[in-house]
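Asks:
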Ligand SMILES: Cc1ncc(COP(=O)(O)O)c(C=O)c1O
């Protein structure tokens, strides 16, 4: 695709956008000087789909009308409520139905997965993550090391980018695994790194980790609903993601979890149990011994929180309707357009930290000002004044994510105008 740096070109791209209609199905936050803000922060919190309120109202009405009977008699019965999400979730991450479940929240699910998949021995007890991992993931990992009697100094390995680079090279990860693999019990990496926007090659990392006898799991917080995922074929042992970013399911919404079929159907894996992971045919027999459900559902602990799960029903249906292929196609064009304009107009002032290869990123670009942190913070504040919503990530990154389901090519044009004006302010 070749771009021309003009507003008219942006308008043509919008005119030809097969997903353009989806924008009207979201609540767009108002700006101060504009009718709607330029919201490029869907990588942090996705916008509210308009259908959400009706479904939450429906659940509130059913609770009022049916009370406890709603478990079976609500329009969408609460007992099997999470099951209506299974097909769409599997489609989204490229999994079999039995491999996915929506439950809890992201860090909680990472903990549950590590209970099952981090099984250290005296020879093999290290966990490999990336340097600068999202703090919650690092805290969770280090707490599991500690739980088994290891310190981070003893057992945490952090893959670093080369000096002067921001992204970790896959060949360096492979070399590290070849070197240290015998000591590594678990590799836990992001699908898309939150600060750099780098997308990792899940199949390649999984192969390298498994070749060393390590287990491997992925945090897909910034990948689900953003990049292509074929989790079953790629073969990772587990993956977890939140649904409030690209999946638009609302603040603190219920998270997703993938357990590969080869484990999901094996009941002997140790886990933390609760009644929702018990064989559902026998759950209400109230027997004392735990009989695990097969599939990822067997990791559930509690009955599902209906009010925070309802938005996911709406948002996943939207992804099914749009189709991940079309979402990715638009994403590449939209982010390519942003990259083109930043490079063309502002490359002297701004460095793009995110890889420029479309298969190595999702929709987010991470920007760094060449003039340093102090002026970057000033520019970020000036962007806010101009009705741009994006975010700042320490120590020096402005993250910008035009989201294919609700952002436009014209907004990207206006964003780059606002950025240029903020730089010269
Ligand atoms: C990569 C990553 N991991 C973990 C988390 C923590 O998520 P939660 O608070 O839902 O556990 C986030 C939140 O933004 C994240 O971006």
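Residue numbers (this note's numbering): 244 to 668. All C-beta atoms in this analysis are idealised placements derived from N, C-alpha and C, irrespective of residue type, glycine included.
For residue 330, count neighbouring C-beta atoms within 10 Å of its own C-beta (all shown protein chains included) and say buried if the count is 16 or more, exposed if not.
Replies: Here residue 330 refers to the residue found at position 87 when the chain shown is read from its first residue. Burial call: exposed.
Asks: Beta-carbon within less than 7 Å of residue 473's beta-carbon, same chain only, minus the 5 sequence neighbours each way: which residues are those?
Replies: Position 230 of the chain shown, counting from 1, holds the residue named residue 473. 337.
Asks: Which same chain residues, not among the five before or five after residue 334, have their C-beta less than 7 Å away from its C-beta?
Replies: As a position in the chain shown, residue 334 is number 91, starting the count at 1. Once the five neighbours on either side are set aside, the close Cβ partners of residue 334 are 563.
Asks: In the DSSP assignment, what residue or residues form a beta bridge with residue 429?
Replies: Within the chain shown, numbered from 1, the residue matching residue 429 stands at position 186. The partner list for residue 429 (beta bridge, DSSP) reads 370, 458.
Asks: Give me the Cα-Cα distance between residue 478 and residue 484, rounded to the nearest whole angstrom.
Replies: If you number the chain shown from 1, residue 478 lands on position 235. If you number the chain shown from 1, residue 484 lands on position 241. Going from the Cα of residue 478 to the Cα of residue 484 covers about 17 Å.
Asks: Going along the chain, which residues of its own chain have a beta-carbon closer than 8 Å to the beta-carbon of residue 342, five neighbours each way excluded?
Replies: Taking the first residue of the chain shown as 1, we reach residue 342 at position 99. Same-chain partners within the cutoff: 333, 474, 475, 501, 502, 503, 504, 507, 538, 539.
Asks: Would you kindly check if the distance between the Cβ of residue 402 and the Cβ of residue 415 is under 8 Å?
Replies: Stepping through the chain shown from its first residue, residue 415 is reached at position 172. Stepping through the chain shown from its first residue, residue 402 is reached at position 159. The Cβ atoms of residue 415 and residue 402 sit closer than 8 Å to each other.
Asks: I'd like to confirm the pairing. Which residues does DSSP put opposite residue 284 in its beta bridges?
Replies: Position 41 of the chain shown, counting from 1, holds the residue named residue 284. In the DSSP output, where bridge partners are listed per residue, residue 284 has 644.
Asks: How should residue 305 be labelled, buried or exposed, when 16 other C-beta atoms within 10 angstroms of its C-beta is the threshold for buried?
Replies: As a working note, residue 305 is residue 62 in the chain shown. The residue in question, residue 305, is buried, as its Cβ has 16 or more Cβ neighbours within 10 Å.
Asks: Flag this pair as yes or no: are the beta carbons of residue 441 and residue 597 separated by less than 8 Å?
Replies: Translated into the one-based positions of the chain shown, residue 441 becomes position 198. Translated into the one-based positions of the chain shown, residue 597 becomes position 354. Against a cut-off of 8 Å, the Cβ pair of residue 597 and residue 441 comes out as a contact.
Asks: How would you write the range of the alpha helix (DSSP H) that residue 542 sits in, first residue to last?
Replies: One-based indexing of the chain shown puts residue 542 at position 299. Premise fails: residue 542 is in no alpha helix (DSSP H) and is neither H nor E.
Asks: In chain order, what residues of the same chain have a beta carbon less than 7 Å from the beta carbon of residue 360, not counting five sequence neighbours either side?
Replies: Position 117 of the chain shown, counted from the start, is the residue given in the question as residue 360. Taken in chain order, the residues that qualify are 429, 458, 460, 480, 481.
Asks: Residue 555 and residue 328 - do their beta-carbons sit closer together than 8 Å?
Replies: As a position in the chain shown, residue 328 is number 85, starting the count at 1. As a position in the chain shown, residue 555 is number 312, starting the count at 1. Cβ atoms of residue 328 and residue 555: closer than 8 Å.
Asks: So for residue 413, helix, strand or coil by DSSP?
Replies: Taking the first residue of the chain shown as 1, we reach residue 413 at position 170. Helix, per DSSP.
Asks: With hydrogens ignored, establish whether the beta-carbon of residue 658 is closer than 7 Å to any heavy atom of ligand 1.
Replies: For this step, residue 658 is matched to residue 415 along the chain shown. Relative to ligand 1, residue 658 has its C-beta separated by 7 Å or more from all heavy atoms.
Asks: Exposed or buried, residue 245, counting other C-beta atoms within 10 Å across all chains shown (16 or more means buried)?
Replies: Stepping through the chain shown from its first residue, residue 245 is reached at position 2. So residue 245 counts as exposed.
Asks: Restricting to Cα atoms, I'd like to know which of 490, 628, 622, 626 is closest to residue 570.
Replies: As a position in the chain shown, residue 570 is number 327, starting the count at 1. Among 490, 628, 622, 626, the Cα nearest to that of residue 570 is on 490.
Asks: Check whether the Cβ of residue 644 sits closer than 7 Å to any heavy atom of ligand 1, and report yes or no.
Replies: The residue you call residue 644 lines up with position 401 of the chain shown. No, Cβ of residue 644 sits at least 7 Å from all heavy atoms of ligand 1.
Asks: Can you check DSSP and say which residues form a bridge with residue 695?
Replies: The structure shown has nothing for residue 695, since the chain only spans 244 to 668.
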